[in-house]
Each structure stands twice: as C-alpha cells, then as structure tokens.
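Residue 90 in my numbering sits at position 86 of the sequence shown, and the numbers go up by one each step. The C-beta atom is built at its ideal place from N, Cα and C for all residues, glycine as well. The structure presented is a predicted model; accordingly, all values stated were derived computationally and were not measured. Working notes, beginning with the structure itself.
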Amino acid sequence: MSSGVAPQGSAPPSADRPSEPPSSSPRASRTALGFLSGVRNYGVLVSFAVLFAVLAFTATNFLTSGNLLNVLDQSTYLGIIAAAGTLVIIAGGFDLSVAGTFALAGVIAAKLATRGVDPTLALIIGAASGGVVGFVNGMFVARFGINPFITTLATGFILSGLALVITGGSLILVTNPSFGNIGTAQLGSVTWESIIFLIWTLIMGLLLARTIFGRYIYACGGNQEAARLSGIRVTAVRTATFMLSGFAASLAGVLSASRVSTGQADAGQGLQLTAVAAVVVGGTSIWGGSGAVWRTVVGIFLLGLVSNGFNLLGINQVYEQVVFGAIVLLAATVDARLRRGRT
5 MSSGVAPQGS APPSADRPSE PPSSSPRASR TALGFLSGVR NYGVLVSFAV
55 LFAVLAFTAT NFLTSGNLLN VLDQSTYLGI IAAAGTLVII AGGFDLSVAG
105 TFALAGVIAA KLATRGVDPT LALIIGAASG GVVGFVNGMF VARFGINPFI
155 TTLATGFILS GLALVITGGS LILVTNPSFG NIGTAQLGSV TWESIIFLIW
205 TLIMGLLLAR TIFGRYIYAC GGNQEAARLS GIRVTAVRTA TFMLSGFAAS
255 LAGVLSASRV STGQADAGQG LQLTAVAAVV VGGTSIWGGS GAVWRTVVGI
305 FLLGLVSNGF NLLGINQVYE QVVFGAIVLL AATVDARLRR GRT
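Here it is as structure tokens:
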C-alpha cells in the first residue's frame, strides 16, 4: 500500500525537469499578423506615394502633364489585362494564356480588315475571340479539374501558334485608316485607350467589391468545397472569371493592333508574367480568396513609376528587371508569411 511518500532518491515531481519554453504570446502573434496584413493591403499604396514623392523632388520633368499621361498610357494594356486577371487569381485560378490571346485577337482583327470586313466589325470580332478562349480555359480548369497553370500555359502556346500560322510569320498591315481610329484617338490630351483602361478597371473593381458575383469569387478562392456546399455554382463562377480575363486580353490586343494598324504574331510577349506580377504586387494572394482590383491598379502604376524613374534619372535600364523582381518577391513573401500564420 502506498505511503504517499516519494521513494528515496526520487525528485519531487517536475523539480529537476527543464521548464518548457513559453509559447509565443497570442497577442504578439495577432499583432504580427495584423502588421503583415496591413503591409499586404496598403503597402503598395504607401510605396507608390513614397516613390511618387521621391521622383517629384529628384526628376525634373516628372510632374509635367506629358510625362504623367505617358505613364498612364504605357500602363493601358497591362492594366486592362491585370484588372481582370485579379478576379481569376482571387477565384483560385491562374491565366498564362493572355499573351497568346492578345496577339491572336490583333491578328484576327487585322486579317479580317484586310479581307474587306468593316474595320469596326473586325475589331469587335477580334475582341470577342478572347471570351471564347476564356470559356475554353474555364472548362478545362473548373469542370475537368486540370491545373490552371498547365492549362493556360498550353492554350497560350496554341494561340501563339495560331497567330503565327495566320500571319505566315509576317506583319499584317491594314491600310484602311478607320482601323486605326480607336487606337490613336484622343480626348483632349488623354488617349481613348487610357480612358477605356480606366473605365474597364472601374467596372472590374465594382464587379468584385459591390456585387454578389464578387462575393462568390472570394468564396470560391477561399474554399471551393465550402462554396459548393453553400450552393455557389463554382464551375460557372470560375469559368466566368476566365472569360473576363480572355476578353480583357483580346480587348487590349485589338487596341494595340489598331494603334499601329498592324497585326503581328509576337505582340504582347511577356505580358502574362508582368500581369501576374502586378496582381501580386497589389497584394492579391496568389493562393486565392483575397485581393482587390484597386490595389492591382496601384501596383501597375508603381511598376510604371519604377520604369519611368529609371528613364528620367538616367539609370541603366538593365537594373529595372532586378527591381521588379525584388518587389514581386517581397510581396509574395508577405503573402506566404500571412498564409502560414493563419493556418
């Protein structure tokens, strides 16, 4: 029978045990996550404001209307594509076919215009082609469950190949002056391309932030199974985001073709990666479920200011890609730390 006395030589319970390291304070963890969340949500805006101020004081011609309108104009095609691409990524997708869509749309429009089709109708058909591409991407990804990276990479190759077949490796020159109207027209000092970009991003922003469809996009990206169980038609929602992305790429493609009155198979090369970079820099989670169009737009302008600053300050342009990469890596790191802290 136990006497209730510890055996001789034995230490009292836990007397000589090394104490366990204290767990990190929940309050400290919440503070860190809150800080990272703030960086992801508003870091791009702060960075843009700081860089804008620096260039305003250091670059002589930065604040001229001509230079600022040039930054806006150079952001047009990328902005149209990235605004719609934000919806795709928030919904849990990825679209690498936008460069191929961009090129093919311009080639289709130019080819039709040289075959006697009304230039306006040719541009409309070219712009509509991207919606078809987006539908195909959406079906493969959302209905058949194929990885979006692989799917859109493959369709991008196919589209670029089709554009090359149609052009035969040569430029398609459109001599009808009506074809170039939309791409070269201006309202005052602002190009119509820039106006279309601003209108399109406003539509995408309102669609995401102010509609039921936008809430469905967030739900699909956050947890597809939970969204499906709650009655959301996940396949339809994700396919719709790909269709918007495809249309955006083809819209940008026909605007570009109109501007130079030319269809070319290699137009838009590299846009797919730059668009994703702009979305990530804007704080949209690459894993889906979080993001905003307005932040993507600020991210686009931030990258535009970096490029513009290199030019105005006479800094060697070879370092531009290094800076771009560092910005994207920093944004991705913040997103990864946030994701790890919340799991």
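- If you ignore the 5 residues before and after Leu309, its C-beta comes within less than 8 angstroms of the C-beta of Phe52, Leu55, Phe56, Leu59, Val75, all in its own chain and listed in chain order.
- Here DSSP, grouped into helix, strand and coil, assigns Val58 to helix.
- Ile150 carries a coil assignment under DSSP once its states are collapsed to helix, strand and coil.
- Unbroken alpha helix (DSSP H) runs of no fewer than 4 residues, entirely contained in the segment 156-239, are found at 185-188, 196-214, 216-226, 228-233, following chain order.
- Here the segment 269-276 makes contact with the segment 92-105; the two share three or more CB pairs at distances below 8 angstroms.
- Boundaries of the alpha helix (DSSP H) harbouring Tyr81: 80-94, taken from the DSSP string.
- Residue Val111 holds the alpha-carbon nearest to the alpha-carbon of Leu127 among Val111, Phe66, Phe153.
- Within a 10 Å sphere around the beta-carbon of Asp339 sit 16 or more other beta-carbons, which makes this residue buried.
- In the structure shown, the three-state DSSP call for Gly138 is helix.
- The DSSP-derived three-state label of Thr266 is strand.
- Ile319 and Asn312 have their alpha carbons spaced roughly 10 angstroms apart.
- Taking a C-beta distance under 8 angstroms as the contact criterion, Phe217 and Asn141 do not qualify as a contact pair.
- Close CB contacts of Ser234 within its chain, under the 8 angstroms cut and outside five residues either way in sequence, are with Ala223 (chain order).
- CA-to-CA, the gap between Arg299 and Ala336 works out to about 14 angstroms.
- Around the beta carbon of Glu229, fewer than 16 other beta carbons lie within 10 angstroms, which makes this residue exposed.
- A distance below 8 angstroms separates the beta carbons of Gly138 and Leu248.
- Between Met208 and Leu91, the C-beta spacing is below 8 angstroms.
- Straight across, the Cα-Cα distance linking Arg119 with Ser262 is about 16 angstroms.
- In this structure Arg242 is buried. Its beta-carbon is surrounded by 16 or more other beta-carbon atoms within 10 angstroms.
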